[in-house]
Structure formats: structure tokens, C-alpha cells
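Number 377 marks the last residue of the sequence shown (the numbering used here); no jumps.
Yeah, the Cβ is synthetic: ideal placement off N, Cα and C, and Gly gets one too.
A quick note: this is a predicted structure, and the numbers were derived from the prediction, not measured.
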Amino acid sequence: MTREKCVLAYSGGLDTSVAIRWIQENYDLDVIALAVDVGQERQDLEFVRQKALGIGALESVVKDVREEYVDEFLAKALKANALYENKYPLVSAMSRPIIVKHLVEEAHKHQARFIAHGCTGKGNDQVRFEVGIMALDPDLQVLAPVREWDLKTREEEMDWAAERGIPVPTTKDNPYSIDDNLWGRAIECGVLEDPWVEPPADIYTLTNDARTDACGDEPEYVVLTFVQGLPVAIDGEIASFQTIIEKMNEVAGRHGFGRIDMIENRLVGVKSREIYEVPGALALIVAHKALEDLCLEREVLHYKLGVEQKWADLVYNGMWFSPLKEALDGFIETTQKLVTGEVRLRFFKGSCVTVGRRSQYSLY
């Protein structure tokens, strides 16, 4: 008799690797592992795919959705100048809805009635996954193995995995929890749990320390060309939005711009200390806002500020697929019709400053 199927959001880490076997044993389901490429660093996704098969997944799928992520998700975030609590460019929150979208598509493709994720019961992501899945297909059932199982510590997980021949880490654990994609990096846990402790230098990979010689002693200028709210060229060279994000990560990061250290109010009701590296995202938002200041009529500009905060709150809270979020998208898109022109940014020693802007639609 054919077993029912479950599509698992798979990262290749310990939690989701254990989840493959745990779901098989506790729910008697075949597992289809899905890894989604949104531009995360350091991952050999073919290795991840093969690892899932080795553990026992019925199928293991890797989807490269970077182009879709940029064009259909990050483009909306930039037009909205999306900053949760006026600081955080929604690095993790932006990637969750596209992962959800492809989980649901994969479930439909394989006629699976179950979707599983590897989120704990402490963070925002459990809500983002579950609300998103229910919005797209309320008939699907969501499993949350990490929330359900009796494995209380990482050591217990590793012992459970080793008993079943599941590969476990053999090197010293990174004390930090890191999530990253094209829009930036999010770092938490370890010594960062103490809000008084200065973040160690070794947590950063995208940005130089602005206090050191690594940033250089000369400013660097970049000219971004926008058409209807989106960048289409950098220093006069036409490029895709994805390429521009990558180049801005390099330039802004080289000069130490884009570090955020904040106490964040989580959806689940707790405060958390979060470190973000968002050089490209933050620089693009600086430039986009500067061009809007030049091109948008006062009442539109002022009203949009409130819409931006509501948009960021909705996305942070997992409401990407909500009717209100869709309606706000429509308003924001209307405001972008004349946001066309050029912005010149200066990067130097941890700063990003607008030093020039021009547009054929300037109201100045």
C-alpha cells in the first residue's frame, strides 16, 4: 500500500535531517525534501539534495528561485522601503513566503496532504510558514517536528540521529544561529543573547569594520539609475536587479555600511537581540527614498510613510498573502510611476550618504 506523502522544508542541517526520519517513524509518511535557493551563502545544494536521499527521503528537490525572489518579492520590498520597526529590512521574513509558495506547489505536484517545517516554538518563522501555507491551501496539514518531539537538547538530537545512521556534525558547533539570502544576513544566539555584549568581529562576513584600514581612506561614489522605483543600472551600466543587489553588497560592505544591532519585538511576544548585515539592501533603500523625496508630491509621500510601516509589519508577521498586503502593494505600485531618475551615493567609513539626485519628474 502506498504511503501518504509529506513535503519537508529542508535545509540540510541537523533539525531537518532528523525530521526526515522522525516523520517517517511517527507519522508513517514518505518524505519529499525541498531545499529552496534564495541566495544563501556557503551551501552546496547538490550535497544537501543527496544528503536527504541518503537519510531516506523518497525524493529530494532543489529549486533555484533567486530570480523570482528578486523580481516578485524583493522588488516589492524596495518600493515599500520596507524596514520593520524602522530598522530591519526583513531579511528572513522576505524569504519565507517564496519558500512557502514552492512548498505548496510541490505538495500539489506530488498530491501530498502534509507539509512540514523545522521551526521551533520560540520564533516568528513557525507562524510565517503555517499562516502562509493555510492562506494558499487550507486543506493541507502542517507538521512541526521540532515543536513536537521529545528531543530536548542538541545532544539528544545527535544521539537519536546517530542511532539511525543519520550524519551528525563532527566539528565544533557555530554558537550563532545564522539565516541569510540575497537581501542580507541575520545573526543571533551565543554571546549575543546578552544585550550588553558588543558583537564579536567574527560574526560579520559581508561588511568590513569601519574602524579599521580595511575600509580604505578614500570615499567611493556610486550612481544608481531607477525606472519606476527599481534600479536598472549602476554607474551607467545596465544590470539586472539581482546583479545590482550583489554589487551593492560588495561596495557598501567594503566600506563597512549596513550593520544593524537591535532589540526586536517578535511576533510571538518576546524581545530578541538581532544582528543584521544588510549593506546592499540598506543602501538601495537610502537611494530609493532619496529619489522619492524628489519626485513624490507631499501628501503622497507623507501618506506612504504610514503605508510602508504597515506593509513591513504585515510581512514580518507572516501576512504576505493577505488581502490587505495585496491592497497595499497596489497603492505602493501606483506611487512608483514617476520614481525615475538617478541617485549618487557616497560610501566612507561605515556611512552611506546621498550626495546627488536628479529626475525628469523632479518636483524641486
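Return the Cβ separation of residue i and residue j in integer angstroms, given the expectation that the two are a contact with Cβ distance under 8 angstroms.
| i | j | result |
| --- | --- | --- |
| residue 126 | residue 153 | 7 angstroms |
| residue 51 | residue 332 | Not confirmed; about 19 angstroms, so no contact. |
| residue 253 | residue 307 | That pair is no contact at about 25 angstroms. |
| residue 233 | residue 264 | 6 angstroms |
| residue 82 | residue 277 | Contact flag wrong, Cβ pair sits at about 23 angstroms. |
| residue 219 | residue 292 | 6 angstroms |
| residue 345 | residue 92 | 5 angstroms |
| residue 156 | residue 120 | Wrong, their Cβ atoms sit about 12 angstroms apart, outside the cutoff. |
| residue 24 | residue 179 | With 8 angstroms as the limit, residue 24 and residue 179 do not qualify as a contact, their Cβ atoms being about 14 angstroms apart. |
| residue 20 | residue 47 | 6 angstroms |
| residue 294 | residue 197 | 5 angstroms |
Starting from residue i, follow the beta strand (DSSP E) in both directions and report where the run begins and ends.
| i | result |
| --- | --- |
| residue 216 | First-last for residue 216: undefined, no H or E at that position. |
| residue 48 | 43 to 50 |
| residue 2 | This structure cannot settle anything about residue 2, because the visible part of the chain is limited to 14 through 377. |
Starting from residue i, trace the alpha helix (DSSP H) both ways and give me its first and last residue.
| i | result |
| --- | --- |
| residue 139 | 138 to 149 |
| residue 204 | From DSSP, residue 204 is part of no alpha helix (DSSP H); its letter is neither H nor E. |
| residue 160 | 158 to 161 |
| residue 174 | 167 to 176 |
Identify every residue that forms a DSSP beta bridge with residue i.
| i | result |
| --- | --- |
| residue 193 | 198 |
| residue 234 | 359 |
| residue 239 | 244, 354 |
| residue 18 | 43 |
| residue 154 | 127 |
| residue 251 | 246 |
Among residues of its own chain, excluding the 5 on either side of residue i, which ones have a beta-carbon nearer than 6 angstroms to its beta-carbon?
| i | result |
| --- | --- |
| residue 54 | 193 |
| residue 238 | 245, 246, 355 |
| residue 260 | 247 |
| residue 280 | 137, 140, 330 |
| residue 99 | none |
| residue 76 | 49, 115 |
| residue 199 | 104, 105, 192, 289 |
| residue 108 | 51, 194 |
| residue 369 | 357 |
| residue 236 | 248, 355, 357 |
| residue 66 | 73 |
| residue 28 | 131, 159 |
| residue 298 | 94 |
| residue 61 | 25, 48 |
Closer than 8 angstroms by C-beta to residue i: which residues in its own chain qualify, once you throw out the five before and the five after it? Chain order, please.
| i | result |
| --- | --- |
| residue 26 | 131 |
| residue 133 | 139, 159, 160 |
| residue 222 | 214, 228, 269 |
| residue 175 | 181 |
| residue 380 | No statement about residue 380 is possible, as the shown extent of the chain runs from 14 to 377 and does not include it. |
| residue 208 | 276, 286 |
| residue 37 | 43, 44, 69 |
| residue 135 | 281, 283 |
| residue 373 | 353, 354 |
| residue 313 | 348 |
Keeping to the same chain, check which residues put their C-beta closer than 7 angstroms to that of residue i; ignore five residues upstream and five downstream.
| i | result |
| --- | --- |
| residue 112 | 22, 49 |
| residue 35 | 158, 162 |
| residue 202 | 188, 189, 190 |
| residue 16 | 41, 42, 43 |
| residue 341 | 320, 323, 324 |
| residue 78 | 49, 50, 51, 111, 115 |
| residue 337 | 327 |
| residue 274 | 212, 288 |
| residue 88 | 243, 254 |
Original post:
If you scan the region 253 to 338 from start to end, which runs of the alpha helix (DSSP H) of 4 or more residues do you find wholly inside it?
Top reply: 254 to 267, 292 to 308, 311 to 329
Original post:
Going along the chain, which unbroken runs of the alpha helix (DSSP H) with 4 or more residues stay wholly within the region 23 to 106?
Top reply: 27 to 40, 58 to 68, 79 to 82, 88 to 92
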